[in-house]
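Trainee:
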Amino acid sequence: MGKRVWLISVLICFAVMDVAAQAVSYRDSIGGVTHYTPIDYSALMRELERASRPTLWQRLTGAASQRKSNAQERKISLSGNLGVGYTQLTNAMFTATGTAQYRLQPELSQSFTSLSAMVSVNGFYRLHAAGEAHLSQSDKIEYSIGGGEMPVRFWGLGYEAADNNSRTKYTRGGVDFSLGYVRHIVAGLSLGAGVNFRYATAGELEPMAEDYLQQAGLKAGSAHTTGINLMVKYDGKIQTEDVVSGYYLCLAGGFHPKALGSHSTNIWHIEAVANYYQPLWSGAVAALDLYADMWSWNTPWLFWAKVGGENRMRGYYYGRYTDRKMATAQLELRQRMYGPIGCVVWGGVGSVFSSHKLFDVDRLLPNYGVGVRFAAGGRTSLRIDYGFGRHSNGLVINVNEAF
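Residue numbering for the sequence shown is 45 to 447, as defined by the numbering used here.
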């Protein structure tokens, strides 16, 4: 116990330094481009213009100054940082991230590309690249590719298995890729379309893990799927300093044809998010998060929805409760206390089920917890949460709010 407390204390110290490194903010600026078309003067005016023409030195220095100005508008801003995190799934995790920010045109919003590497003390590792490129004031391309491997605990599949089975383990690996086009329609409203590919493996299964899969009529190995996706999003959040108000809605659906996957039939996937933020008294905000992750019946089990993680159902081991469908709800009270320090309390419920017809209120999983925040400038803060749930509790160290 003493060693764990010491390790967590060290992680918090490093995390504070990491948040400070990430807190460097920048101001978006939209540059203007001036177009000049020469006027065809009379012969007299052309003579006067020729007489007042700049010298060779003035033309050279002026051109150099213009090139420097254009280069500043197009320049790439590079940044990087090292950090740490902690979850039940990864234990102590170390990260390295590099980001390049740039503009395709001076008048456009800033685009970015980020590269990250993560490794943990329990054997987890992941490499990831992501970014977005603004093509116009209304259009952008989003992309992401990553892969890694981790040892995971396993209780079987479904609510009853997670509740009653003994713990075993296997090693999970995979690669994922996504490419999407997003168009801004009106204030806050965006539509998107894209494709994604997922490949996952389950290896090094202990005998008990193989038994659990056989009991469910499933098997280990690998699975892959390719999806064609549509998305609609409305972002009505308003943020001033550390106070958030408004709401955020997102609905995404994907069709995965059997010809482009390892599944025997066509499958579908729906993901929905609804968040609402209401300021209360001074420095306090109530935040509500509703979430659903739904896969169709013939989806390979490696892609099923999982309870737990860093943002929802905090305190549950990610993946202990696994099934084709999941729904969660959480209400969080955020309070700024003194200076850069704040605290939160939250409560919520969630559940996994194989079909909406089999959803059972009696199987709702409780979730509650407390956390502290340390602001590090701008909208960046260190987040330390401790969550509790059914047969589970755990610590989360991360950056920024859960939602």
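All residues carry an ideal CB built from backbone N, CA and C; glycine is no exception.
Taking only three categories from DSSP, how would you classify alanine 253?
Mentor: By 1-based counting over the sequence shown, the position of residue 253 is 209. It is helical.
Trainee: Could you tell me whether the stretch 362–376 touches the stretch 196–212, using the rule of 3 or more Cβ pairs below 8 Å?
Mentor: The stretch 362–376 vs the stretch 196–212: in contact.
Trainee: Return yes when the C-beta of leucine 408 is under 7 Å from any heavy atom of the ligand GTP, and no when it is not.
Mentor: This structure simply doesn't include the ligand GTP, nor any ligand for that matter.
Trainee: Is tyrosine 292 helix, strand or coil when you go by DSSP?
Mentor: Against the sequence shown, residue 292 aligns to sequence position 248. Strand at tyrosine 292.
Trainee: Within 10 angstroms of its Cβ, does leucine 249 collect 16 or more other Cβ (buried), or is it exposed?
Mentor: Locating residue 249 in the sequence shown gives position 205, where the first residue counts as 1. Its Cβ being crowded by 16 or more others within 10 Å, leucine 249 is buried.
Trainee: Just verifying my parser: in three-state terms, what is the DSSP assignment at leucine 304?
Mentor: In the sequence shown, the residue the question calls residue 304 occupies position 260. Correct three-state label for leucine 304: helix.
Trainee: Using only alpha-carbon positions, find the residue among Met381, Ala316 and Asp333 that is nearest to arginine 358.
Mentor: Position 314 of the sequence shown, counted from the first residue, corresponds to residue 358. Comparing Cα-Cα distances from arginine 358 to each of Met381, Ala316 and Asp333, the minimum goes to Asp333.
Trainee: Are threonine 270 and histidine 307 touching if we call contact CB-CB under 8 Å?
Mentor: Residue numbering aside, residue 270 sits at position 226 when the sequence shown is read from its first letter. Residue numbering aside, residue 307 sits at position 263 when the sequence shown is read from its first letter. It is not a contact, given that the beta carbons lie outside the stated cut-off.
Trainee: Cα separation between alanine 253 and isoleucine 229?
Mentor: Working through the sequence shown from its first residue, we reach residue 253 at position 209. Working through the sequence shown from its first residue, we reach residue 229 at position 185. Looking at the two C-alpha atoms, the distance is approximately 48 Å.
Trainee: Should the stretch 276–284 be regarded as contacting the stretch 298–306, the criterion being three or more beta carbon pairs within less than 8 Å?
Mentor: Taking 8 Å as the limit for Cβ pairs, the verdict is that the stretch 298–306 does not touch the stretch 276–284.
Trainee: Where lysine 263 and threonine 215 are concerned, what is the direct C-alpha to C-alpha distance, given to the nearest angstrom?
Mentor: For this step, residue 263 is matched to residue 219 along the sequence shown. For this step, residue 215 is matched to residue 171 along the sequence shown. Cα to Cα, lysine 263 sits roughly 14 Å from threonine 215.
Trainee: Which residues does DSSP pair with histidine 313 in a beta bridge?
Mentor: One-based indexing of the sequence shown puts residue 313 at position 269. In DSSP, histidine 313 forms a bridge with Gly298 and Trp339.
Trainee: Counting Cβ pairs closer than 8 Å, one from the stretch 136–151 and one from the stretch 119–126, do we hit at least three?
Mentor: Yes, they touch.
Trainee: With a Cβ-Cβ cutoff of 8 Å, do isoleucine 189 and alanine 173 count as a contact?
Mentor: As a position in the sequence shown, residue 189 is number 145, starting the count at 1. As a position in the sequence shown, residue 173 is number 129, starting the count at 1. In contact: isoleucine 189 and alanine 173 (Cβ atoms closer than 8 Å).
Trainee: With a threshold of 6 Å on Cβ separation, who are the neighbours of asparagine 442 within its own chain once the five nearest residues in sequence on each side are excluded?
Mentor: To locate residue 442, count along the sequence shown from 1; it is residue 398. Correct list, in chain order: Gly129, Glu354 and Arg427.
Trainee: Classify asparagine 355 as helix, strand or coil using the three-state DSSP reduction.
Mentor: To locate residue 355, count along the sequence shown from 1; it is residue 311. The answer is coil: DSSP assigns asparagine 355 none of H, G, I, E or B.
Trainee: Checking 8 Å against the spacing of the C-beta atoms, do glycine 438 and tyrosine 361 come in under that value?
Mentor: Position 394 of the sequence shown, counted from the first residue, corresponds to residue 438. Position 317 of the sequence shown, counted from the first residue, corresponds to residue 361. Yes, they are a contact pair.
Trainee: Decide if phenylalanine 395 is buried, meaning its Cβ has at least 16 other Cβ atoms within 10 Å, or exposed.
Mentor: Here residue 395 corresponds to residue number 351 of the sequence shown, with the count starting at 1. The sequence shown places serine at residue 395, not phenylalanine. Under this definition serine 395 is a buried residue.
Trainee: Following the continuous alpha helix (DSSP H) through glutamate 204, name the residue where it begins and the one where it ends.
Mentor: Along the sequence shown, read from residue 1 onward, the residue named residue 204 stands at position 160. Glutamate 204 -> alpha helix (DSSP H) spans 203–208.
Trainee: Is arginine 242 helix, strand or coil when you go by DSSP?
Mentor: Stepping through the sequence shown from its first residue, residue 242 is reached at position 198. Of the three classes helix, strand and coil, the one that applies to arginine 242 here is strand, per DSSP.
Trainee: Pull up the distance between the alpha-carbon of leucine 171 and that of phenylalanine 138, whole angstroms please.
Mentor: The residue you call residue 171 lines up with position 127 of the sequence shown. The residue you call residue 138 lines up with position 94 of the sequence shown. Their Cα atoms are separated by approximately 12 Å.
Trainee: For asparagine 166 versus threonine 141, is the C-beta spacing smaller than 8 Å?
Mentor: Within the sequence shown, residue 166 is the residue found at index 122, counting from 1. Within the sequence shown, residue 141 is the residue found at index 97, counting from 1. The answer is no: Cβ separation not under 8 Å.
Trainee: Output the boundary residues of the beta strand (DSSP E) element that contains asparagine 411.
Mentor: Walking along the sequence shown from the start, residue 411 turns up at place 367. Asparagine 411 -> beta strand (DSSP E) spans 409–419.
Trainee: Expressed to the nearest angstrom, what Euclidean distance is found between the alpha-carbon atoms of leucine 233 and serine 289?
Mentor: Here the question's residue 233 lines up with position 189 in the sequence shown. Here the question's residue 289 lines up with position 245 in the sequence shown. If you take the alpha carbons of leucine 233 and serine 289, they lie about 17 Å apart.
Trainee: The beta strand (DSSP E) that contains leucine 426, what's its start and end?
Mentor: Here residue 426 corresponds to residue number 382 of the sequence shown, with the count starting at 1. Counting along the chain, the beta strand (DSSP E) containing leucine 426 begins and ends at 425–433.
Trainee: Helix, strand or coil for lysine 281 per DSSP?
Mentor: On the sequence shown, residue 281 is found 237 positions in, with the first residue counted as 1. Correct three-state label for lysine 281: coil.
Trainee: Please go through the same chain and pick out, in chain order, the residues whose beta-carbon is closer than 6 Å to the beta-carbon of cysteine 294, but skip the five residues on each side of it.
Mentor: Counting from 1 along the sequence shown, the entry for residue 294 is found at position 250. These residues qualify, in order along the chain: Lys277 and Val317.
Trainee: Please state the DSSP three-state secondary structure of tryptophan 390.
Mentor: Position 346 of the sequence shown, counted from the start, is the residue given in the question as residue 390. Strand.
Trainee: Between which residues of its own chain and threonine 157 is the CB-CB distance below 6 Å, once the five residues before and five after are set aside?
Mentor: Within the sequence shown, numbered from 1, the residue matching residue 157 stands at position 113. If we look at threonine 157 and ignore the five residues flanking it on each side, its Cβ neighbours are Ala144 and Gly175.
Trainee: For phenylalanine 138, does the three-state DSSP call read helix, strand or coil?
Mentor: On the sequence shown, position 94 is the one that residue 138 refers to. Reduced to three states, the DSSP call for phenylalanine 138 is strand.
Trainee: Taking the alpha carbon of arginine 378 as the reference point, which residue from Val416, Ser399, Trp312 and Leu346 has its own alpha carbon closest?
Mentor: Sequence index remark: in the sequence shown, residue 378 carries index 334 (1-based). Comparing Cα-Cα distances from arginine 378 to each of Val416, Ser399, Trp312 and Leu346, the minimum goes to Val416.
Trainee: In three-state DSSP terms, what is valine 448?
Mentor: As displayed, the chain neither begins before 45 nor continues past 447, which places residue 448 out of reach and without an answer.
Trainee: Please name the residue, chosen from Pro323, Asn319, Tyr320 and Trp341, that lies closest to threonine 309 on a Cα-to-Cα basis.
Mentor: Position 265 of the sequence shown holds residue 309. Of the candidates Pro323, Asn319, Tyr320 and Trp341, the one whose C-alpha sits nearest the C-alpha of threonine 309 is Trp341.
Trainee: Enumerate in chain order the residues of its own chain whose CB-to-CB distance from valine 440 is below 6 Å, with the five nearest sequence positions on each side excluded.
Mentor: The residue you call residue 440 lines up with position 396 of the sequence shown. Here the set comprises Thr131, Glu354, Arg358 and Asp429.
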